[in-house]
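Inspection log for the structure reproduced underneath, given as structure tokens.
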Amino acid sequence: MKVRLRIDTQWLDAETKGMARLRRGYQSWEESTLRTAKEAKDLRGLRELFYSLGDRWEWNQTTGAWLAEGKPLETIGLILRMPGLKPDTERSILYAVMAYSKGFTAQFDHLGDKERIIIERNRKTGRVSCWSTTGHGAMDLLPVDLTGFGTIDDALLACHIVAQPGDHALRLELPSSRSGLLAIIQRLWNLASGSESFTLKEVGVVTADDIESKLDIDFYRYAKAVIDLERMWKELGTGAAGRVKEAISDNVPQEIEVQDRITMRKIEGLLHVLWFRPPAQQLRHVQDLRGTLESQRAPTDRERALILQVRELAESLDSVLERAKYLKWKRVMEERSYSQSE
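Numbering-wise (numbering that gives the first Met the number 0), the sequence shown opens with residue 0 and increments by one.
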């Protein structure tokens, strides 16, 4: 799917200068590396140079190719489908992954990321609501109603995506025909951001259907496991007063209360990892907690309930990561076919 991306020309101008600066740094690194290779006396010296480069070799080569052939702020979108935080809701999260010379990051792909557009559909009422990232990770306080567009895809095709990378903002801008109060708000937004001129271009978007059907990545299952675990943790964590009342009424032994309290704190720590780190950095923490819970000789009632959720989380996360690793390997082995794919 193609969507229209609007970028303030000031960011394009700044990025052109940034790429030129990065290109000079890359050329200096390339010249230094080649000079060191030529000065190597034997194969041992070349091998030591290769080992010293480590994983940076492939990264630097890819960066060099991008600097030689890429255009400022090249962008690709992707949509992740997941359950809503409230019952009977479903969310589609639109990310704009941008080649940006200010810095490199591998952390765009976690559930708690900042720059995104959230589109939520209520399955009961049919209402479709949208929250944009206004700037520096802050979301809109009031959602925009997209119900009149019909489907989420129709809404994205009819609207503009507005990106302001320096301000960490990503917004969905409605057509001028659907004006009124929204047009006034948009005008105020342009004035506040100093917007004067824009460049409009079409960018490709990998849809949720593409991810789930063509790439065979079940991200929905993983996201649901995260949300279900947090929901259960909140339901089981009745607070200090609730634990005291429960202990008195049910005569729960103190050692069980202590065991539950420790487990609940571990779940809380895991949830922080799940929301603020990429999936590749989550697996070890999930597996460690799963092993701890499954090795309990006498699990409490709370732990029995949590074991099932943590097990589902571990299996769904492992499935996503293994599929991603396979696709990365496939991309290297079949570079030509992947580069020509739509």
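Cβ coordinates follow ideal geometry from the N, Cα and C atoms, glycine included.
Note that the coordinates shown come from a computational prediction; the quantities given were computed from them, not determined experimentally.
- request: Identify, in the order they occur along the chain, each residue of the same chain with its Cβ nearer than 6 Å to the Cβ of Leu171, setting aside the five sequence neighbours on each side.
  value: Ile116, Cys129, Ser131 and Cys158
query: When DSSP labels each residue in this structure, what does Asp215 get in the three-state scheme?
result: coil
task: Evaluate contact between the stretch 215-223 and the stretch 19-39, counting only Cβ atoms and requiring at least three cross-stretch pairs below 8 Å.
output: no
- prompt: Leu282 and Leu320 look like a contact to me (Cβ under 8 Å); what is the Cβ gap, rounded to whole Å?
  reply: 6 Å
query: So who's on the other strand from Cys129, going by DSSP bridges?
result: Ile118 and Val143
task: Could you have a look at Asp87 and say whether DSSP puts it in helix, strand or coil?
output: coil
message: Which residue marks the beginning of the beta strand (DSSP E) containing Lys200, and which one marks its end?
response: Phe197 to Val205
query: With burial defined as no fewer than 16 other Cβ atoms inside 10 Å of the residue's Cβ, what is the status of Val204: buried or exposed?
result: buried
query: Under 7 Å between the Cβ atoms of Val309 and Arg289?
result: yes
task: Note down, in chain order, each residue of its chain lying with its Cβ closer than 7 Å to the Cβ of Gly236, except the 5 sequence neighbours on either side.
output: Met263
query: Does the stretch 298-307 touch the stretch 270-287, meaning 3 or more C-beta pairs lie closer than 8 Å?
result: no
message: I need the DSSP call for Lys1, collapsed to helix, strand or coil.
response: strand
- prompt: Between Tyr99 and Leu77, which are expected to be in contact by the criterion C-beta below 8 Å, what is the C-beta distance as a whole number of angstroms?
  reply: Actually they are not in contact, since the Cβ atoms of Tyr99 and Leu77 sit about 16 Å apart, beyond 8 Å.
- request: Please name the residue or residues paired with Glu172 in a DSSP beta bridge.
  value: His159
- prompt: Around the C-beta of Phe49, are 16 or more other C-beta atoms found within 10 angstroms, so that it is buried, or is it exposed?
  reply: exposed
field: Any chain C beta carbon closer than 7 Å to Thr35
entry: Within the model displayed, chain C is absent; a lone protein chain is all it includes.
query: So what does Asp7 bridge to, in DSSP terms?
result: Phe197
- request: Below 7 Å CB to CB, which residues in the same chain sit around Trp65 once its five sequence neighbours on both sides are set aside?
  value: Ala98
- request: Give me the Cα-Cα distance between Asp108 and Pro277, rounded to the nearest whole angstrom.
  value: Per-residue confidence for Asp108 stands at a pLDDT of 43, beneath the threshold of 50, marking its modelled position as unreliable; no derived number is given.
Beta-carbon contacts of Arg301 that lie in its chain and below 8 Å, excluding the five residues immediately before and after: Leu235, Asp259, Thr262 and Met263
- request: Assign Lys119 to one of two classes, buried (16 or more other C-beta atoms within 10 Å of its C-beta) or exposed (fewer than that).
  value: Looking at the sequence itself, residue 119 is Glu, so the reference to Lys does not match. It counts as buried.
Buried versus exposed, by CB contacts within 10 Å (16 or more), Ile75: exposed
- request: My understanding is that His167 touches Glu114, with C-beta atoms under 8 Å, so please give their C-beta distance in whole angstroms.
  value: 5 Å
message: Can you list, in chain order, the residues of its chain with a C-beta nearer than 8 Å to that of Val96? Leave out the 5 residues immediately preceding and following it.
response: Thr74, Ile75, Gly76, Leu77 and Phe107
Check whether Asp7 and Gln163 have beta carbons under 7 Å apart: yes
- prompt: Rounded to a whole number of angstroms, what is the C-alpha to C-alpha distance between Ile216 and Ala279?
  reply: 14 Å
field: Nearest residue (CA-CA) to Gly69, options Ser318, Lys324 and Gly17
entry: Gly17
message: Less than 7 Å between C-beta atoms, sequence neighbours within five positions excluded: which residues of the same chain meet that for Pro87?
response: The identity of residue 87 in the sequence shown is Asp, whereas the question assumes Pro. So the qualifying residues of the chain are Asn121, Arg122 and Lys123.
- prompt: Given that a residue counts as buried once 16 or more other Cβ atoms are within 10 Å of its Cβ, and exposed if not, what is Trp10?
  reply: buried
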